[in-house]
Amino acid sequence: MSRELLPGELSWADSYIIDLLSEEEKYQDELKALTSSAVMGAIASVAEISEEIAQGFLETYHKALDSTSRPLVVVDENVDAIIIPV
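So in the numbering used here the end of the sequence shown lands on 913, straight run, no missing numbers.
Pasting the structure below:
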């Protein structure tokens with residue numbers, strides 16, 4: 828019985844292949860035994876996860892930027908009101 832992977836989680840097979848690829852000299856025989864589709868599948872999984880991580884970072888960055896930019900506008904308006912009375 829296998830469980831469904833969480834978003835951003837690699838399967839054990841993908842993790843194993845990535846480990847092999849990261850230490851290719853040490854695991855040459857194991858790498859030769861892998862099918863190209865298994866390797867390409869693992870690479871695709873990593874690319875997808877990397878894209879999700881990048882997207883999450885950008886969303887967090889934009890939320891942080893939005894949450895700080897509005898108070899800065901308010902402060903700027905208040906300073907203008909003090910310096911340049913209407």
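Quick reminder that beta carbons are idealized off the backbone N, C-alpha and C, glycines included.
As the structure is a computational prediction, the values presented were derived from the model and not from experiment.
Using a C-beta cut-off of 8 Å, the segment 899-906 makes no contact with the segment 869-889, since fewer than three inter-stretch Cβ pairs fall below that distance. Non-local C-beta neighbours of residue 872 in its own chain, meaning closer than 6 Å and more than five positions away in sequence, comprise 837 and 841, ordered along the chain. Note on the segment 833-908: whole alpha helix (DSSP H) runs with a minimum of 4 residues are 839-849 and 855-860, in chain order. The C-beta separation of residue 833 from residue 847 comes to about 23 Å, leaving the pair out of contact by the 8 Å criterion.
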